[in-house]
Each structure stands twice: as structure tokens, then as C-alpha cells.
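Written out below as C-alpha cells is the structure these notes cover.
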Amino acid sequence: MAPVLSFIILICIVMNYPSATYRIQLNSEFTFKQLADIIDYLHALGISTIYAAPITTSRKNSAHGYDVVDPAVINPQIGTLEELRELRARLKNYGMNWLQDIVPNHMSFSSDNARLMDVLERGSDSPYYNYFDIDWQHKDAGGKVWVPILGNDWKTCLKAGEFRIDFDQKKGFQFYYFDHDFPLAVSAIKEMLICMRETNTSQGLSFVIEDLIKGVQRKELASWTKHKEKYIQEINAQFIHDVQQALLIINKDKSKLSKILQAQPYLLTHWQDSERQMNYRRFFAINDLICLRIEDKNVFEDYHTFFHFLYKEDLIQGVRLDHIDGLCHPLEYLKRLRKKMGDDCYVIVEKILEYNEDLASDWDIQGTSGYEFLSFSNRVLTDQEGAEKLRQFYHAFTLWNSSYDELVFQNKHNFLYSQMLGELDNLMDLLLSLGLTEQITLEQKRIKKALGLFMSAFPIYRIYPFVFPIANEAMQFVSKAFEVACYQDHTYKPELTFIRSLFQEDQPGKSENKMKFIMRLMQFTGPLAAKGVEDTAFYVYNPLISHNEVGDSPQELASTVGEFHEKMRSRQLNNPFSLNGSSTHDTKRGEDARARLNVLSHLHHEWEGLVMQWYDENKKYTQTINNRRYPSLNDEYYIYQSLLGSFPENGKIEDLFIERTKQFMLKALREAKVETTYTKNDERYESSCLDFISAILFSSHSFYNSFLPFLEKVNRYASIYSLVQTVIKTTAPGIPDIYQGSELWELSYVDPDNRRKVDYGFRKNLLKEIKDQQVIDLSWLKSKRSEGAEKLFVTTKLLHLRKSKPDIFIKGTYIPLEVTGAHGRCIAYLRSHENEHVLVLLPVGFDVNEKGDYTTTWQDVFARLPEGLTSHWKNVFTESEKQIAETISIANAFKEFPIGVYISI
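Following this line, the structure appears as C-alpha cells:
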């Protein structure tokens, strides 16, 4: 038996791995109680594991839960620990488990975050002083942490009377700035007491405040909180009037107020100052999310204690780790996590892999959350020749004349200098402080410029070095970054050569400092990739927007069936426990919207003609001012594709859909950062684009009259592609993940649109109608196509097949089958374990004429099976039995149903 296969079988014996996961977004609108109401439905669907978004306390009314404020307490807006226990008991009755998403990289920067507020209140006396990734030694911060929340500079805000100190009868002395409130630091309270004494504050109040100050060194937060409560009670009982009068005087005296506030260990700055200076690491460039020093053992233990408790209590059976690339030392982190959680805990990571990038082999995990799978299935469902025709048309229609690689580099470089210049400065300061430039004569300004070039040119999110020598595979990415950076500006080659040398162990005594710098650098190449590519380039370069997705790329639109098979064989050998995700909270559009758009690669002739027709017809809804078109041709093309992908299945123009489309388009325009941005809105351009959407749908009957028939044609093909995508997800190597609600047609736009409330009542009823039929009525299924019945039927049949035959899909092999015939665009494979087999046959290509009419014939197409297999098979969907010898006719396989899955009997 192959060593890898033996390892897979061993893992299966000891670990409770999922058969299929179902992603649930829990928040104030969907709580534990509401989840409990759909457990029976999810079990009937075939789900084995709830895959829950973060459940610990986040900012109030958070829609997603990634802005954690307390990792040790269940979010009270979701439910209670007791309710989670009740949920677990119910899940156990169904043999179901729980996979929990956790966020080890960052927390919310908000007054709800008690750990952070303790740092602001007590400074270096706080046990959490080094909990957050704050550079307390920053050369310009004066030993303080910057708090970028102001709408103007500090002096202007002070002069305008926007700062205020008050006494909260529950929290004590607080600092207020509009809707922000932070604790008044103990160091500032000392200064405030001096000011109070100048206002003839009573001696009794002075004693109480002095007593408060003396307790600052109480290390435990609970002890400090208890100490504070004592003085708060005393003030409330005896001195509240004195306090209010004293603060009234102080708040009016700008000099006193200024002196008090400047005594704090935090410094208020303009919110946009963070673009140029920053001394805490942020999640990407979001000021409201402060990163953790999770590499510190004490921080690790504090943050993970509650999740360990949940695991030991059997309330969760696995964890998904958000943004692993943000951590300083992912390998060391994963070792600690495995030691803490144990060998049987199912662990996956959110890791965005490029198409030809492999997951780190030394990570003790079960796999990834599945972004890479999306690209594998997406590309094989796109016709290569048609995709290239679409690219050529897009370039001609929009007058595109740049390379995609150049766009990506410039977007990353622009983002670095517009949003992360402070981080670049900090990296340069670190390089200098480590003494790594002492033996060179290069100018510091040029080294910093070269460092920016190198970061912007880095071809993947990051590499994971922690010791020399760095692996050859990782060094190839370093070399690629060097080459691209030199190409961008060859005059910086000497400085870039120096940066490349940092990745080589060639300076005696410098290895440790070199590695320290590299590990820090790698925490910032990922944010550039995310913000420069996924959140910018993916809204700018739009030849076929179904490929503008995390893990995929608009540069490479299609793959061959052979390439797909290679990816699947590799996945079975290396990552058989990774999730197979097709829709997530991070996708730009739902999986079935992508399926529709991929059909354009087969209908490119008709699409091109329609776009030119719409361009002429809709000119009257555009404007040209000073040679600038409103909307641009690029945005107009993007609108047409977006409408095609997400238009309601019933073809009706609904007000809610128009509003959702406008909100999505506004986000897309600002993310693109071409015509407008979040920080510098061009309201005229934005409104012109939104008005354009309304006009072509409500005013232009000619647009709708040609759009709707084309949409109906696309849907005929797309419905098959959606089923193909579903079959691949549920039968290919990996574990199928169903994003909430996507068991029916999933046509959503990007977040927050994809977090809309799911109608589980409708899904329950539809599933019951399917289950009530012992043998499915295919004509009934077809009549329910617009409701998504076909997809629900295929999903539930295959999820239950996985449950009944788990060894086939987890331990079994993946065997590509040879397909012969004139029309060879058919995926055929076997999943086999011992004497059990599942045969999968899927169409991934359509022959159409220039009018878009279906002309595919499967009459001469056959799939060849390996020798020695049984000849007795049963169609999973129709329940009909079939004799299959060495070959199977694809025409017969697709005769009753457009996809074929057979189980050996």
C-alpha cells in the first residue's frame, strides 16, 4: 500500500473528519436558537458538520463576527454556552459535528475590547501591554500607541471642543470623542487630579482617586476591575456632584484638557494619518482591526483557552483558522495548536494558493478551506478558445492596452504607498535597527524604494521561512519578485540585489537578524496581494468576471480536462481533507452566477453581438464630459456581465434586485479605485453609473427585450454547469462545503449581499417534496428548475451517497478515465476503494453555432473503464440499473439526466 494512502487511512481511523460541511453565519439575526430549528433540515440534506463563522464576542451587531472583542466568551447576541450545549446534544442525536472558525490574527480596535482598553488605561502596567502587535518603541510615537479616529488634526479637534472627559457611573472616568469612548488612562487621571485640586476638589474625593491610582499595578484584569468598581461606587455614593463640577471646568479649559489627554499612553490622530504612519499592525489596512502577537506563548494561551475548553467539552470537533498568512510564524503556531488541541482535532486553514502553488507540507493540518478548489472547477468549466475570444473582444470594446501583470504590480504598489506607507517605513526602520545595512554604501531612501518594489512584485501571498537555508521552492518566488522588481525599475537593481541577499545566509553573525526581518516582511506581502489584486485588480480587469475570484485569476480563464485531472489526483494524494468550496463569504459572486458567466465562453459570438447592440442602444443613458465617459466602457461591460450573472432566475425586474445591484456596483466602483474611491468619492460618476443601471432596466425596453431571451438561453446551459459543479464538489477529492443557502441557485453578489437572510422554510418544503418521491420524477424536477430543485436534488443525493460510502471518497483513489470521440469535452473519473466504485460522467463543453444554438452530439463519445471492474451499476439519480462493460456511451449516460453518477452494485 502506498505510504500516503496508508497515512490517509490511519487519519480516518482516529479523526472525526467531516463528510460534508455547511457554512453558517451566526449573528444577532441568526442565533443558536434559529440554528437549532434547521438541524433536522441539514441532517436530511446530508450535512455531517456545521461550519460556523466566529461565535465568540464581537463588536455589537457585527454581521460576520471577525471583529472579535473577547475570545473567551460566547457572543451574547448569538446565544449562551448553555444553548451551545443544547445544540451539541441535538447534533449528537443526528451524528453531526461542529467545525469552528477562529481568528488568531486580529481583534477589534474598539471600546468593547476589554484587553485593549486595559492597555489604553494602564499602559505598561497592563498584563496585555504586549498582547497586541504594537511597536511601543516607534521613533515618532513617544512610547504611545496611535489611535487613528479623528476627523481633523488633534489641535483643531481640541479647539472645536470635540474632546470631553466624563464620569460614567459604570465605567468610571472616560474620554469621549463623538461616538468613541475610551477609558481615561491612569496616567491622565493623575494629571486630572492635579487640575481638580486647583478647583478646590474635596479632600475625600482626592483620597478616593489617589486610592484608585495606587491599584494600577494589580496585574490581573479582574483584580483591577474589582478595584475600580470600589472607587466608582464611592464616587457615585458621595462625590458625583463634585466630580461633575470639576470636569465641567476642566472640559472648558483647553489647556488643562490638553495636558490631561497628552498624559495618556495613547495618542489620538486623524484617521487618514494611518496611511502614512502606523505603529500597530492592522488586518490589511483596516484601522478598526488590530493584530495580535500570537507568537507570544502567553498571548497564544490566553486566546486559545476557551476554544480548547469547547473542544475538550466536545462542543466543537475541529477548527478553521482565519488568515494564517498574517501570523509571524505559522509553522510554530500550528505546532502549538496541535499540541494544545490534540492529534484528533480536525484543523484547516484559510490559505489562498495561487493556481500552481502547493500547501506547505510541514504544517500539521488537514487542509485548507478550499479557495483553490474553486479555481480548479471554475477553469475546467470554461472553454479555452471561447475564453480567448472573449478576452480579445473585451480588449477591443474597452480599449484595454495594458498587461494584467502590470496592472497587478501597479495596484499593489499604489496601495502600499497610499495605504501602507507607515508599514513600509517601519520595515525600513527594522532593517536599520537590526544592523543589516551597516556594511553597504547604498542610500537608505533608495533601499526603502527598492523594498517597496520588491514587496509589490512578490508573486504569491508569502513564503514561510524561519531558518536558513530557505527552501528552493520558496527562493524561486524570491527570485521572481527580484526579476519583476528589476523590470519595473532597473535603476534599483543594486538595492534589489541587496534585498535578495537578505534571503541568503552569507553574512557571518547576521543570520538571526536576517530571519527576523524576513519573517516580519512576510506579514505584509499578503495584505498587498489581497488589497492590490482581489480588492482592486479583480474589479478593473474584466474579460470574464467569473474568474475574478479568490484563488482564481482573470489572467488564466480556462484549463483542459487533463489539467483538471492532474489537480484532482494531486489533491487526493496531498490534501484529501481540504474543503471543496464553491461559494463563501469571500467570493465576489455566487457559484451559479459564475456558472452562467462561464457559459459565455461557448456563446461568445452571440454575446459580442448583443454587447455591441446594447452599446448603441444605451448610448443615450451615458454622458461624456471633458472627454470622460459616464460610465466608462469598462464599467458598462462590467454591468452587463454582473446583470447576466445575478439576474433573478424568473427573469423579472424586481426593485430589491435593482437596489442590491446598485449597492454592489457602488462597492465595485470604489474597490476598483479608477474613477472613484472610498476616501475620495466622485459622486457624479457614481450616480451616473447607478442611474445607468436603472435606465437600461426600467426605461430601455429594447435592452430588456434582448437581454431576457439571452439570459434564458444562458440558463439552459448554466443549469447543467451548476449541476456539474455540484457533482465535482461532492465527488472529487476533498470535503464538500455548502455555503448557507447555496443548495439552491446561488446568484449573490459580493459581501454583504452574500450574507442575506436564507429562507430555510422554503428549502425544507422543497427538500420534503423531493424526499417524498421514492423515484424522482425528472419532469417535475425540470418544472421546478427556476426554484433550484434540480440542484437541491443532486446535492442531497450525493451527500447521502458520501455518508453511505465514506471510504470511497476519503480513502479511495481518483482514477481519470479516457474519453474518446469527436466531442471530447467530458470529465470522466472513478472513485474507488477496494471493491466499491463510483463512476462520474460530466459534460464540460457545448458545441454551439454562431446563433448560440446547441449542436453537441454525444453519439460517438465513450468513456473507457479499467479492466476487472464489475459490470453492474446503478444510476444514483434515476435509480435505474445498467450493465457497463469496458466502455460506456456518453450519449446513453446523459439520455435521462444531463449528468451521470453511478455506484457499483
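Residue numbers in the sequence shown follow our numbering, run continuously in steps of one, and reach 1413 at the last position.
Each residue gets a CB set at the ideal place from its N, CA and C atoms; glycine is no exception.
Host alpha helix (DSSP H) of residue i (start-end)
i, result
"H1308", "A1297 to S1312"
"T954", "In the sequence under discussion, the amino acid at residue 954 is Arg, which differs from the Thr named in the question. Unbroken alpha helix (DSSP H) run through R954: Q952 to A965."
"A1066", "It is not in any alpha helix (DSSP H) - A1066 carries neither H nor E in the DSSP assignment."
"V694", "V694 to E706"
"I547", "I547 to L553"
"G1269", "Y1268 to K1279"
"F985", "N980 to Q996"
"D1261", "No alpha helix (DSSP H) holds D1261; DSSP gives it neither H nor E."
"I1398", "I1398 to A1401"
Span separating the alpha-carbon of residue i from that of residue j
i, j, result
"Q1080", "R844", "27 Å"
"D1261", "H572", "12 Å"
"L1108", "V1222", "8 Å"
"E737", "L666", "30 Å"
"M786", "A649", "9 Å"
"R1168", "G1159", "16 Å"
"Q1121", "K1128", "13 Å"
"V1352", "V888", "7 Å"
"L1305", "K1279", "Reading off the sequence shown, one finds Lys at residue 1305, where the question assumed Leu. Computed Cα separation, rounded: 10 Å."
"T539", "F817", "21 Å"
"L1216", "L1152", "9 Å"
"T1238", "R1310", "8 Å"
"N1088", "G1242", "6 Å"
"G603", "Q1282", "24 Å"
"A1268", "Y1186", "First, the amino acid is wrong: residue 1268 is Tyr here, not Ala. C-alpha separation (whole angstroms): 35 Å."
"F923", "L599", "45 Å"
"S1154", "Y1047", "16 Å"
"T565", "P973", "33 Å"
"A510", "N605", "Confidence in A510 is poor, its pLDDT being 43 and thus under 50, which makes the residue's placement unreliable; the coordinate value appears in the next sentence. If you take the alpha carbons of A510 and N605, they lie about 30 Å apart."
"M983", "F990", "10 Å"
"M523", "Y854", "7 Å"
"T461", "L1377", "This structure cannot settle anything about residue 461, because the visible part of the chain is limited to 509 through 1413."
Segment limits, beta strand (DSSP E) that includes residue i
i, result
"Q1131", "Q1131 to I1133"
"A1336", "C1334 to H1341"
"S566", "T564 to S566"
"Q785", "Note, Q785: premise wrong, no beta strand (DSSP E); not H, not E."
"V1222", "Segment H1209 to T1239 is the alpha helix (DSSP H) holding V1222; no beta strand (DSSP E) there."
"P1244", "I1243 to Y1247"
"R531", "T529 to I532"
"N1383", "H1380 to N1383"
C-beta contact flag for residue i and residue j at 8 Å
i, j, result
"R970", "M1030", "yes"
"I697", "I717", "yes"
"I1009", "S1250", "It should be pointed out that residue 1009 corresponds to Ser in this sequence rather than to Ile. No."
"S619", "D575", "no"
"E1179", "T1044", "yes"
"H614", "L797", "yes"
"Q1149", "L1105", "yes"
"I673", "I757", "no"
"V1327", "Y1337", "no"
"R828", "E803", "no"
CB contact check: residue i to chain B, cutoff 8 Å
i, result
"S1287", "This model lacks chain B altogether, as it is built from one protein chain only."
For the pair the stretch 1066 to 1075 and the stretch 878 to 887, tell me if three or more CB-CB distances fall below 8 Å. yes
Report the residue ranges of all alpha helix (DSSP H) runs contained in full by the stretch 711 to 761; include only those spanning at least 4 residues, in chain order. 711 to 722, 729 to 742 and 748 to 760
If we count Cβ pairs, one from each stretch, closer than 8 Å, do we get three or more for the stretch 643 to 660 versus the stretch 799 to 814? They do not touch, by the three-pair rule.
Within the stretch 822 to 858, ranges of the alpha helix (DSSP H) (whole runs, at least 4 residues): 838 to 849
Would you check if there are 3 or more beta carbon pairs closer than 8 Å linking the stretch 725 to 733 to the stretch 632 to 651? Judged by Cβ distances under 8 Å, the stretch 725 to 733 makes contact with the stretch 632 to 651, as three or more pairs qualify.
What are the start and end residues of each continuous beta strand (DSSP E) run of 3 or more residues lying completely inside the stretch 1122 to 1186, in chain order? 1131 to 1133 and 1136 to 1138
Pair every Cβ in the stretch 740 to 756 with every Cβ in the stretch 684 to 691, then say whether three or more of these pairs are closer than 8 Å. no
Does the stretch 1039 to 1051 come within contact of the stretch 1193 to 1213, defined as at least 3 CB pairs closer than 8 Å? In this structure the stretch 1039 to 1051 does not lie against the stretch 1193 to 1213, because fewer than three pairs of beta carbons, one per stretch, are closer than 8 Å.
The stretch 1262 to 1277 / the stretch 1299 to 1315 touching (three or more Cβ pairs under 8 Å): yes
So, do the stretch 755 to 771 and the stretch 885 to 904 have three or more beta carbon pairs nearer to each other than 8 Å? no
Touch check for the stretch 831 to 843 and the stretch 799 to 808: three-plus C-beta pairs under 8 Å? yes
For the stretch 592 to 677, which segments carrying the alpha helix (DSSP H) assignment without a break, of at least 4 residues, lie completely within its bounds, in sequence order? DSSP runs (the alpha helix (DSSP H)) wholly in the stretch 592 to 677: 622 to 630 and 662 to 667.
Cβ contact check for the stretch 1023 to 1038 and the stretch 956 to 968: 3 or more pairs under 8 Å: With a cut-off of 8 Å on Cβ pairs, the stretch 1023 to 1038 is in contact with the stretch 956 to 968, counting three or more such pairs.
Pairs of beta-carbons, one from the stretch 1136 to 1147 and one from the stretch 997 to 1012, closer than 8 Å: are there three or more? By the criterion of at least three beta-carbon pairs nearer than 8 Å, the stretch 1136 to 1147 is not in contact with the stretch 997 to 1012.
Is there contact between the stretch 778 to 795 and the stretch 540 to 547, where contact requires at least three CB pairs shorter than 8 Å? no
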